[in-house]
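Under the UniProt record's numbering, the sequence shown has 90 at position 90, and the numbering climbs by one with no breaks. Here a beta-carbon is modelled for each residue, glycine too, at the ideal position from N, C-alpha and C. This structure is a prediction, so every number in the text was calculated from the model and none was measured. Structure record follows, encoded as structure tokens.
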Amino acid sequence: MFASSFQTYRRNVTHPMQKDQLDRFEFLALSALTLFDTGLEGQSDSSIEICRTMRTSIQRELLGYCMLKRSELDSSIRLGNMLSILPNLQRAARRFHEDMTLSNVMNAYSVDQKFYELGKL
Numbered sequence: 001m002f003a004s005s006f007q008t009y010r011r012n013v014t015h016p017m018q019k020d021q022l023d024r025f026e027f028l029a030l031s032a033l034t035l036f037d038t039g040l041e042g043q044s045d046s047s048i049e050i051c052r053t054m055r056t057s058i059q060r061e062l063l064g065y066c067m068l069k070r071s072e073l074d075s076s077i078r079l080g081n082m083l084s085i086l087p088n089l090q091r092a093a094r095r096f097h098e099d100m101t102l103s104n105v106m107n108a109y110s111v112d113q114k115f116y117e118l119g120k121l
């Protein structure tokens with residue numbers, strides 16, 4: 001039932017991360033960037049400002065880290081490639097949630113109700 005979704009996740013998220021050989025620090029930085037999203041429904045102005053500040057700080061640190069490991073041009077391209085994964089990750093997460101919701105409606109796969117409540121946060 002979820003085979004096509006998992007293929008999409010691998011193609012759009014996992015494979016780009018593997019191709020670029022993201023290390024642990026880079027992966028954690030991308031994870032942090034996803035947590036400080038500024039496009040959430042009902043998010044207050046102060047929360048948006050805090051998230052923007054955090055995202056700027058994380059991106060600055062990530063660029064500095066890339067520059068330590070590579071040339072200036074390569075590090076800018078690498079940072080751009082890493083940041084381009086984020087929209088794919090958000091789409092994949094949204095699709096996963098939709099798949100799980102659909103399976104719940106169709107009683108195709110039993111999932112704890114707490115899982116669906118996570119999507120409401």
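*DSSP on T34, reduced to helix/strand/coil?*
helix
_Three-state class that DSSP yields for N12 in the structure shown_ = helix
_For E41, count the other beta carbons within 10 Å of its own beta carbon; 16 or more makes it buried, fewer makes it exposed. Which is it?_
exposed
*Alpha carbon of A92 to alpha carbon of L86, nearest angstrom*: 10 Å
*Residues of its chain near Q59, where Cβ-Cβ distance is below 7 Å and the 5 sequence neighbours each way are ignored*: none
*Taking the alpha helix (DSSP H) that D74 falls in, what are its first and last residues?*
72-105
*Pair within 8 Å by beta-carbon distance, S75 and C66*: yes
*Return the chain-ordered list of same chain residues with a C-beta closer than 6 Å to the C-beta of Y9, the five sequence neighbours on each side being excluded.*
A92
*asked:* Rounding to the nearest angstrom, what Cα-Cα distance links R24 and N12 in this structure?
replied: 19 Å
*Under a three-way DSSP split, which group does Q7 fall into?*
helix
*K19 versus N104 - alpha carbon distance*: 34 Å
*Could you tell me whether the Cβ atoms of L102 and L79 are closer together than 8 Å?*
no
*Does the beta-carbon distance from I48 to T38 come in below 8 Å?*
yes
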